[in-house]
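Input: a single structure, listed below in structure tokens.
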């Protein structure tokens, strides 16, 4: 079987550059020999990337972070689980997002299905990295994300929004901006 290859996909979109960073599954790999995995007799491009979407992701950490720009805001949409294995990936995405010195940073956890203490620590570090001059907010409406943040009291430090639309409006419309955490 081929060697595992981690890849970062960079996609150009109408709202700006979107970077998707994936850690592990679905496993992307290049075949060392130019054959298809399900059909050894078929020859394919040796540089083709094959995606293993068999669903057998047991034991693999999965996190996808998509970065988009809206006016002077950077929005990081996080999909998957944020735990001790994937929190460094979130921290790296925050660092990359802040290199352009945006007016604000929104971390959207709408599609995040698990938030461990390492992930919460990464959110606090992100908040500290942009403060005091920049705006920071987290979209966390689902119980998998809002509950741990609230139980740990982070809703007293970090502004939580129920939706991305609320966060963007609050950070771009001065009449809507409260600037204080919910709670």
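In full-length UniProt numbering, the protein residues as written are 1 to 183.
The C-beta atom is built at its ideal place from N, Cα and C for all residues, glycine as well.
{"Item": "Short of 8 Å in beta carbon distance, which residues of its chain neighbour residue 71, apart from the five on each side in sequence? Order them along the chain.", "Value": "103 and 172"}
{"Item": "Could you give the DSSP three-state label for residue 155: helix, strand or coil?", "Value": "helix"}
{"Item": "Provide the residue span of the beta strand (DSSP E) that contains residue 81, from first to last.", "Value": "73-82"}
{"Item": "Quick check: the Cα distance between residue 109 and residue 145, rounded to an integer number of angstroms?", "Value": "7 Å"}
{"Item": "Tell me whether the beta-carbon of residue 106 lies closer than 8 Å to the beta-carbon of residue 78.", "Value": "no"}
{"Item": "Return the first residue and the last residue of the alpha helix (DSSP H) that residue 69 is part of.", "Value": "Note, residue 69: premise wrong, no alpha helix (DSSP H); beta strand (DSSP E) at 63-70."}
{"Item": "Excluding the 5 residues preceding and the 5 following residue 116 in the sequence, name in chain order all residues of the same chain whose CB lies nearer than 7 Å to its CB.", "Value": "82, 83 and 84"}
{"Item": "Bridge partners of residue 184, per DSSP?", "Value": "In the structure as shown, the chain starts at 1 and stops at 183, and residue 184 therefore has no counterpart that could be examined."}
{"Item": "If I measure Cβ to Cβ from residue 41 and keep anything under 7 Å in the same chain, skipping five residues before and after, which residues do I get?", "Value": "Note that residue 41 has pLDDT 49, beneath the 50 cutoff, so the model's placement of it is unreliable and no number is given."}
{"Item": "Inspect the CB distances between the segment 148-160 and the segment 84-102 and report whether three or more fall short of 8 Å.", "Value": "no"}
{"Item": "Counting along the chain, where does the beta strand (DSSP E) carrying residue 135 start and finish?", "Value": "135-139"}
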